[in-house]
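Structure first, commentary second.
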Amino acid sequence: MAQITAEQEAVAIRRGLSWWRLLLRDPIALVAALWLCLLALCVLAGPELFGKAATALNLRARNLPPGSIEHGWLMILGADTLGRSMLARLIVASRNTLSIALISVLVAMMIGGFLGLIAGYIGRTVGNVIMRLSDIIQSFPSLLLAVVVLYMLEPRVGNLIIVLAITRIPSYLRVTRAEVLEIRERVFVDAARALGGSRAHILFRHITPVVAPTLLTILTVDFAIVMLAESGLSFLGIGIQPPEITWGLMVAQGRNHLSQAWWLAFFPGLAIMFATLSANVLSNWLRIATDPVQRWRLEAPKGGDA
Amino acid sequence: MPDNAAPLLEVADLKIEFRSGRETVYAVNGAGFSVRPGETAAILGESGSGKSVTASAIMRLLQCPPAFIAGGAIRFKGDDVLAMPLNQWRRRCGREIAMVFQDALAALNPVFTVGWQIAELFRAHGERSGKKAEARAVELLARVGIPDPVNRARDYPHQFSGGMRQRVMIAMAIALGPDLLIADEPTTALDVTVQAQIMDLLQDLQKEIGMAMILITHDLGVVADVADHVAVMYAGRVVERGKVRDVLGKPAHPYTLALLESVPQLQQNSQSLRPIVGSPPDMAAPPSGCAFHPRCRFATGECKVKLPPKVAVAPGRVAECHHAKSVFNGG
Amino acid sequence: MAGEGPILEVRGLVKHFHVGGGFAFGRQAAVIRAVDDVSFDLRRGETLGLVGESGCGKSTVARTLLRLEEPTAGKALFHGRDVFAAGERELKDIRRRIQVIFQDPYASLNPRLRVEQIVSEPWVIHRDVLPRAGWPDRVRELLESVGLRREHAERYPHEFSGGQRQRIGIARAMALNPEILICDEPVSALDVSVQAQVVNLLEEIQQRFGIAYIFIAHDLSVVRHMSHRVAVMYLGRIVELGGKEQVYARPRHPYTKALLSAQPSIDFTGERQSQRIILQGEVPSPANPPSGCRFRSRCWKMQQVCAGEPPPLAEGSESGHRAACYFPEGGPARA
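Chains as they are written, first to last, in the numbering used here: chain X, 2 to 307; chain A, 100 to 430; chain G, 29 to 363.
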């Protein structure tokens, strides 16, 4: 079979770049990644470093507008109605905000994704039962569900996460099931079955990797939705209880003072926006970078000319 | 047909490129052939050889950009097709030149009945009376062998089987009695017995109307069965042309020869097949010199660097190969 | 090479699909009779060609033999064990010995896995075949044996051409050293110039390892080239079965005759044109096939008897050459 050596030219020699080099080539994704790293630092060490500054009252700096540092650089973003540093409060609040949002969407994704895989692949009866359950969750106004649950249990961080996760499960479930129903008809799944692959083998080796990027994309969108939902609950008084703070709660509290002190709501809102934006950008980049068919888009030199 | 008649369609040194941000694909690289009135010419080639792109260029159906006509000329009845204003050419399409596509379902509009779509063709070309147009549509469906044409005219394209749909496409193509019909892989998606029906129909209609036909296909057997002349395309060039019997009987280009050797025969028990090594070329980076040289067993150093000349090996026989004469005499 | 007893005996295979309907709409569910009462043997080391036009049920036969579809009725004895009745564990063992190559080389490889992962997947499933340490070497060996290069193991499927992908599929099937390889239109999606490469590779593999093939295709010339025996299917039934010389040179069933005459070919002797049979009409719907002989609605020999009992697949004057027709070419069936 020596004649086949001529096939070499058909396969372009294309060695993959390392992840880090790949990220360096995409400045927008890089900025997003750096921003998320910074946020991670805030979450990990923020409350320990700035806990005091965030609660220190400074009556002379009440409603201090942003942009001046005469009361110290912590006041660069202004101060709230009690003269507490906005910057410090934002940093401290990041832990609650991001961990609540992240944990609840992760929990929702894992439960929803798992149920979706089962509903799509295992069988019609099981699938139908799961889908009807998800219908029930969806047909219930999520706010009402949250109010009832949080009223019955107590409004603690753990319970808040459970409630937020439950309301987000159906979207993962539906998307996963729809994708599984499509992927299971693909020929490579038949090939794996013909090799004797068990259901679990096919689900985890062939179907999950194809579904995962889609779930990741929904996750980042949900990230913002959950942060806002949490602020809504906190506003109603059944979410996070002061003196604990989150960005959502800060927006909710700042809303009353919009006409005199816009920065009270503006900066936490901005923080939410940038966090979700960078998560979105990075997840989109990841989706392309992990797809062998798409990866060249990131490796190709910028500028578009051949 | 007399060989000395003036050509109906002439394609000369046609070059078509597809330019995208990433690369330029040289789909057609100087293809040339001609078709005389009434004859059947086949363009034989594999996927990526540029045969369908050439057909689309003749009909001026290419999206420009990304397609870009980089050179050459197409003359229909002596008029330069590419220089003509598009709307003037569109008016001649249908009346003088028409096309049948491989995928009839995609080529028909799914939301109108078949009868309406054919009648619309007559209306667009001057039939005033709607009733008359519809009657002519039914007549036409009967002529292409669709049973119960009155009722079938009221059906939508998806209600037809693959073979019947192709008949509808043919009906639309011949509706205005064109002088030239371009059939782009008309039977590739069909089963052999249906293919035989469709080819039979096309040949009957051709005799009846007296039109010329360009048959674009990858199937050697179809070419042998149907066509008078053949142009073999490889990597965007016509590498060999001549009468079908001559070309397939005594090829002068190594690619034609290799193709014949690699296809199993229905009539005989072939021994081991002799495959063409390697894969079809990547047209974004075509090989230097003769594009077939990496897969050619006759290739010499010359083939790698120099584009082969057009060699006339016999009257009416042209092959683009440095070694055409020896292939012709030895093969 | 084709000798000894059969290694696979298929008897009375039936596959019906139930479509549409559902009580909510008050419509009757239609039954598509994709395969009806198909029986054949596959001998050790031989190639059985399965030809027919789209919708004749040839791919469904393959899919049921692989248990990708559950058969409605019938038996398939593989070394005395019924494939159709096998439980999960037994089926896994059978699948190790009956492998498949699919038509579409683009869809049959998972785009997210590297070639190495694709070819070694059989060993992930069947842990006892090869210890993990041996995988990388064996993968590269297999790639070389199907005409690819060792370094191709690092690549992803989209970096290959159609013919090369089909080779990867063959390497994956060969990883388990199967006894039967079911080839479902393995070259139909490939370019003419590449088809011969894959055909030759399959022949070479058969000669080296003595694997039996069920070779499914609609291209009669390729089937003639590959097969020792050929079964012709029409609308869910085998209408003719015999050695390839018998079927191709002396077809007995009218449908086989029409099919052969319709196949275009580069043969200029001129006899063919005059002998060409253009079948009238279209293949009837498998949801509502004609009674008796299913070909009768298009057959030029049709008589009263054809509408009654379906004709049996009976032997004629030559042994092993069977046709399901009341009026076969070359005389009626032996009693």
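Glycine included, each C-beta is placed from N, C-alpha and C at the ideal position.
Within chain G, the residues placing a beta-carbon under 7 Å from that of A/H317 are V220, ordered along the chain. With respect to G/L288, X/A195 sits apart: the two C-beta atoms are not nearer than 9 Å. Between A/G388 and A/P408, the C-beta spacing is not below 9 Å. Contact with chain G is found for X/D292, since one of that chain's Cβ atoms lies less than 9 Å from the residue's Cβ. Exclusion of the five residues before and after G/K329 leaves P282, F355 as the residues of its chain whose Cβ lies within less than 6 Å of its Cβ. One Cα belongs to G/C334, the other to A/A334, and the distance between them is close to 52 Å.
The Cβ neighbour count for A/H317, taken over all protein chains shown within 10 Å, is at least 16; the residue is labelled buried.
Look at the beta carbons and you see the stretch 121-136 of chain A not touching the stretch 285-292 of chain X: under three pairs across the two are nearer than 8 Å. The shortest C-alpha to C-alpha distance from X/T247 to any of X/V127, X/L58, X/S260, X/A89 is the one to X/A89. Taking the beta carbon of G/D132 as reference, the chain X residues within 8 Å of it are V188, listed in sequence order.
Annotation: Cβ neighbours of G/E149 in chain X (cutoff 8 Å, chain order): A193, L196, G198, R206. Burial is judged here by how many other beta carbons sit within 10 angstroms of a residue's own beta carbon; A/E284 has at least 16 and is buried.
Put simply, the backbone Cα of X/I239 is about 26 Å away from that of X/S260.
Short of 7 Å from the beta carbon of G/G85, and not among the five residues preceding or following it, lie these beta carbons of its own chain, in chain order: A62, V63, M261, G264. The straight-line gap separating the alpha-carbon atoms of X/S140 and X/T82 is approximately 40 Å. For G/H253, there is no enclosing beta strand (DSSP E); the enclosing alpha helix (DSSP H) has its first and last residue at 248-254. Shown here, X/F115 sits in a helix according to DSSP, grouped into three states. A check of alpha carbon separations from A/T286 across A/Q265, A/M271, A/Q162 identifies A/Q265 as the nearest. One alpha carbon belongs to G/S325, the other to G/P318, and they sit about 7 Å apart. Looking at the backbone, the Cα of G/T100 and that of G/Y184 are separated by about 38 Å. For A/N128, the beta-bridge partners assigned by DSSP are A/K114. In this model, G/S221 and G/E81 are separated by some 23 Å (Cα to Cα). Looking at the DSSP output, G/V63 shares a beta bridge with G/K43.
Per DSSP, reduced to three states, the secondary structure at A/D327 is coil, with no helix or strand assignment. As far as DSSP is concerned, A/P363 takes part in no beta bridge. Among the residues facing chain G, A/D299 is included, as its CB has a counterpart in that chain under 9 Å away.
Beta-carbon to beta-carbon, A/I315 and A/I142 are separated by about 5 Å, close enough to satisfy the 8 Å threshold. Those residues of the stretch 274-293 of chain A placed with their C-beta closer than 7 Å to a C-beta in chain G are D290, V291, T292, ordered along the chain. For the 9 Å CB-CB criterion, A/M310 and A/G144 do not form a contact. When only Cα atoms are considered, G/L176 and A/I375 end up about 16 Å apart. C-alpha of G/V267 to C-alpha of X/L182: approximately 36 Å in a straight line.
If one requires a minimum length of 4 residues, the alpha helix (DSSP H) runs lying completely within the stretch 290-344 of chain A are 291-308, 319-325, in chain order.
A contact is defined here as three or more CB-CB pairs under 8 Å, and the stretch 250-260 of chain A fails this definition with respect to the stretch 184-200 of chain A. Close partners of X/P210 in chain G (Cβ separation under 9 Å): N138, R140, L141.
Separation of A/E238 and A/P248 (C-alpha to C-alpha, rounded to the nearest whole angstrom) is 8 Å. Contact of G/A135 with chain X by beta-carbon distance below 7 Å involves R187, V188, F189.
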